[in-house]
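Peer 1: Below are the structure tokens for one structure; questions will follow.
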Amino acid sequence: MPECIHCKKEFEKNGSSFCSKQCFLLSKRVDKQCDECNETFSVLRCHDDRKFCSRKCYYSCYRGRRNSDSVVRINCDQCGKDNDVYRSQFREKSNHFCDRKCYLLFHRREYNECEVCSTKTPNKHFCSRNCYKLAFVPKNFSKNHKRGKYKTKDGREIRYDSSWELRRMKELDYSSSVVSWKRCALKIKWEDSSGIPHFYNPDFEIEYRNGQKVIEEVKGYYNDDTQRKIDAAKEYLEGSEVEYRVTNLDDFDMKIEVHTEEYQNSYGIFTRPSLYYVWMNFALLLEKRSTCLRNKVGAVFVDKDMSKALCLGYNGNYSGGENQCESLEPGKCQCIHAETNSLTKSKDDIDGSILFVTVAPCHSCAKLLINRKISKVVYQRVYRSTQGIAILRKSGIEVFKFNDIMEFVE
Numbered sequence: 132m133p134e135c136i137h138c139k140k141e142f143e144k145n146g147s148s149f150c151s152k153q154c155f156l157l158s159k160r161v162d163k164q165c166d167e168c169n170e171t172f173s174v175l176r177c178h179d180d181r182k183f184c185s186r187k188c189y190y191s192c193y194r195g196r197r198n199s200d201s202v203v204r205i206n207c208d209q210c211g212k213d214n215d216v217y218r219s220q221f222r223e224k225s226n227h228f229c230d231r232k233c234y235l236l237f238h239r240r241e242y243n244e245c246e247v248c249s250t251k252t253p254n255k256h257f258c259s260r261n262c263y264k265l266a267f268v269p270k271n272f273s274k275n276h277k278r279g280k281y282k283t284k285d286g287r288e289i290r291y292d293s294s295w296e297l298r299r300m301k302e303l304d305y306s307s308s309v310v311s312w313k314r315c316a317l318k319i320k321w322e323d324s325s326g327i328p329h330f331y332n333p334d335f336e337i338e339y340r341n342g343q344k345v346i347e348e349v350k351g352y353y354n355d356d357t358q359r360k361i362d363a364a365k366e367y368l369e370g371s372e373v374e375y376r377v378t379n380l381d382d383f384d385m386k387i388e389v390h391t392e393e394y395q396n397s398y399g400i401f402t403r404p405s406l407y408y409v410w411m412n413f414a415l416l417l418e419k420r421s422t423c424l425r426n427k428v429g430a431v432f433v434d435k436d437m438s439k440a441l442c443l444g445y446n447g448n449y450s451g452g453e454n455q456c457e458s459l460e461p462g463k464c465q466c467i468h469a470e471t472n473s474l475t476k477s478k479d480d481i482d483g484s485i486l487f488v489t490v491a492p493c494h495s496c497a498k499l500l501i502n503r504k505i506s507k508v509v510y511q512r513v514y515r516s517t518q519g520i521a522i523l524r525k526s527g528i529e530v531f532k533f534n535d536i537m538e539f540v541e
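Sequential numbering of the sequence shown, starting at 132, is according to this note's numbering.
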């Protein structure tokens, strides 16, 4: 019987010189000793010139054998520290850095000019997202993008970038305490967590009837960068006559200012909630009864003296119908509005009455209120369309937001 070339064992002849595949593979390898750790390792015969058992031993060996011929000393262009690099990695005409962090910091020092406001920026074309939007404002407004142009009462077209800004624009446009407002053009410098400088401009510049000037930022969400912008703006405007304010409409919508009145008796002078505050809180309580998912609204009609509730209601489906909206798309809800629901229950004469409603009337409800000769409307939030407010004021009906009511009462 033939013998295996590798292990020298006899085996049955199978047309091969090796007894097994393992012996065939082992015959192609040779044992060597590592020059660094002196451990024995196995390599293929074709790699017989290998001197190290692993990459780790290779690097540990050559790092200890650096000399003036194989190593070049460089000076980092960012931090100024001296470092040794292999001559094969050295490029004479290029910049040199000790690590990737210094490389990134060095190249971020090269600023360009913003194409909109000419401010120096580390970006290529625009200093901020606002400048980018100014350069590329979409011509047609899409409901999915939540941006477009809002036409004010005096005919100006002002861009908005979110639904929060649009709602605040409507608030400012129909607020009796506001003299003028516009988009803020102020550029404020702030730094992110890495220390890289950026610029941003707040949303609105507002001037009130009492002479107060406010720069306002409208936020529907917060993160770390948002807080840094707010802190930078407060520091920038500190000591000036202009007040900086942040408005969060999601929290602001459900709050109303406490309105009190004084009364005096033999024990002294005391305060109590005014009837305006009482009836608006009652309307807010009624809106919780609404079954509309999109926008809950409560309404109550009171007499001129505000001593009696004439009728009340909230938006929802018809009597006996399902307690839900037919559609969640704006304008296709098909719920009966709170004003209409209230007036259908009215058996008394409501001429000259006052309406307290949590959302301003739409244009259809406004026409109905004009026919019923309502004298005054007090609302808390603006409807998605301000046509109703315009129609009511054009017909001589007083319309104002609850938070501005102090000027009318005093």
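Glycine included, each C-beta is placed from N, C-alpha and C at the ideal position.
Please name the residue in I481, K152 and E457 whose C-alpha comes closest to that of K504.
Peer 2: Out of I481, K152 and E457, I481 has the C-alpha closest to the C-alpha of K504.
Peer 1: Counting pairs of Cβ atoms below 8 Å between the region 434 to 444 and the region 466 to 478, do you hit three or more?
Peer 2: Yes, since at least three Cβ pairs between the region 434 to 444 and the region 466 to 478 fall closer than 8 Å, the two stretches touch.
Peer 1: When you compare only the Cα positions, how much space is there between D166 and C150?
Peer 2: Cα to Cα, D166 sits roughly 34 Å from C150.
Peer 1: Ordered along the chain, which non-local residues of its own chain (more than five positions away) have a Cβ less than 8 Å from that of N454?
Peer 2: For N454, where only same-chain residues beyond five positions count, the Cβ hits under 8 Å are T422, G447 and N448.
Peer 1: Measure the alpha-carbon distance for T489 versus H256 and round it to whole angstroms.
Peer 2: For T489 and H256, the distance between alpha carbons rounds to 45 Å.
Peer 1: Leaving out the 5 sequence neighbours to the left and right, which residues in its chain are closer than 8 Å to K350 when beta-carbon positions are compared?
Peer 2: Closer than 8 Å at the Cβ level, and outside the excluded window around K350, lie W295, T357, V377, T378 and N379.
Peer 1: If you reduce the DSSP assignment to three classes, tell me which class H178 lands in.
Peer 2: H178: helix per DSSP, three-state reduction.
Peer 1: Taking the C-alpha atoms as reference points, what is the distance between F330 and C210?
Peer 2: Using only the alpha carbons, I get a separation of about 26 Å.
Peer 1: Straight-line CA distance for R287 to Y281?
Peer 2: Each residue's Cα considered, the two are about 8 Å apart.
Peer 1: Could you check what DSSP says for K525 in three-state terms: helix, strand or coil?
Peer 2: It is helical.
Peer 1: If you draw a straight line from the alpha carbon of E322 to that of G519, how long is it in whole angstroms?
Peer 2: Approximately 44 Å, taken between the alpha carbons.
Peer 1: So if DSSP puts H329 in a beta bridge, which residue, or which two residues, is it bridged to?
Peer 2: DSSP output for H329 lists W321 as bridge partner(s).
Peer 1: Between E244, C248, D215 and C207, which has its C-alpha nearest F228's C-alpha?
Peer 2: F228 has its Cα closest to that of C207, out of E244, C248, D215 and C207.
Peer 1: E336 and K313: beta carbons closer than 8 Å?
Peer 2: Their beta carbons are under 8 Å apart, which means E336 touches K313 by this criterion.
Peer 1: E296 lies in the alpha helix (DSSP H); which residues open and close that run?
Peer 2: Looking at the DSSP string, the run of the alpha helix (DSSP H) that includes E296 is S294 to D304.
Peer 1: Given this structure, state the Cα-to-Cα distance separating V174 from C135, to the nearest angstrom.
Peer 2: Going from the Cα of V174 to the Cα of C135 covers about 21 Å.
Peer 1: According to DSSP, simplified to helix, strand and coil, what is V373?
Peer 2: In this structure, V373 counts as coil in the three-state DSSP scheme.
Peer 1: Give a yes or no on whether the C-beta atoms belonging to A497 and I522 are separated by under 8 Å.
Peer 2: In contact: A497 and I522 (Cβ atoms closer than 8 Å).
Peer 1: Does DSSP classify C315 as helix, strand or coil?
Peer 2: Three-state DSSP puts C315 in coil, outside helix and strand.
Peer 1: Kindly identify the DSSP beta-bridge partner or partners of R335.
Peer 2: Looking at the sequence provided, one finds Phe at residue 335 rather than Arg. R314 and E347, per the DSSP bridge assignment.
Peer 1: Please name the residue in E302, L235, A316 and S516 whose C-alpha comes closest to that of C248.
Peer 2: Nearest of E302, L235, A316 and S516 to C248, Cα basis: A316.
Peer 1: To the nearest angstrom, how far is the alpha carbon of P328 from that of V513?
Peer 2: So the two alpha carbons sit approximately 37 Å from each other.
Peer 1: With a Cβ-Cβ cutoff of 8 Å, do E393 and I400 count as a contact?
Peer 2: Yes. Within cutoff.
Peer 1: State buried or exposed for C456, treating a residue as buried only when at least 16 other CB atoms are found within 10 Å of its CB.
Peer 2: C456 comes out buried.
Peer 1: Going by Cα to Cα distance, which pick from C245, E244, N243 and D213 is closest to D230?
Peer 2: When each option's Cα is compared against that of D230, the closest is D213.
Peer 1: Which residue marks the beginning of the beta strand (DSSP E) containing R160, and which one marks its end?
Peer 2: Its beta strand (DSSP E) spans residues R160 to Q164.
Peer 1: Out of G326, F172, F155 and A414, state which residue places its alpha-carbon closest to the alpha-carbon of V161.
Peer 2: Closest option to V161, Cα to Cα, is F172.
Peer 1: Consider the C-beta atom of Y234 and the heavy atoms of the ligand GTP; say whether any pair is separated by less than 7 Å.
Peer 2: Absence of the ligand GTP is noted for the structure shown, with no ligands found whatsoever.
Peer 1: Buried or exposed: which applies to V431, given that a residue is buried once 16 or more other Cβ atoms fall within 10 Å of its Cβ?
Peer 2: So V431 ends up on the buried side.
Peer 1: Alpha carbon to alpha carbon, how far is R299 from V309?
Peer 2: Their backbone Cα atoms lie some 12 Å apart in a straight line.
Peer 1: Would you decide whether K182 is buried or exposed? Buried here means 16 or more other CB atoms lie within 10 Å of its CB.
Peer 2: So K182 counts as exposed.
Peer 1: Under 8 Å by Cβ, that's how I've got P404 and A364 pegged, so tell me the actual separation to the nearest angstrom.
Peer 2: Wrong, their Cβ atoms sit about 35 Å apart, outside the cutoff.
Peer 1: List the DSSP bridge partners of T171.
Peer 2: Answer by DSSP bridge pairing, in chain order: Q164.
Peer 1: Leaving aside the five residues before and after E529 along the sequence, list all residues of the same chain whose C-beta is less than 8 Å from its C-beta, in chain order.
Peer 2: So the qualifying residues of the chain are S506, K507, V508 and F539.
Peer 1: Does E366 pass the burial test, meaning 16 or more other C-beta atoms within 10 Å, or should it be called exposed?
Peer 2: By the neighbour-count rule (16 or more Cβ atoms within 10 Å), E366 is not buried but exposed.
Peer 1: K360 to Y375, Cα distance in whole Å?
Peer 2: C-alpha separation (whole angstroms): 12 Å.
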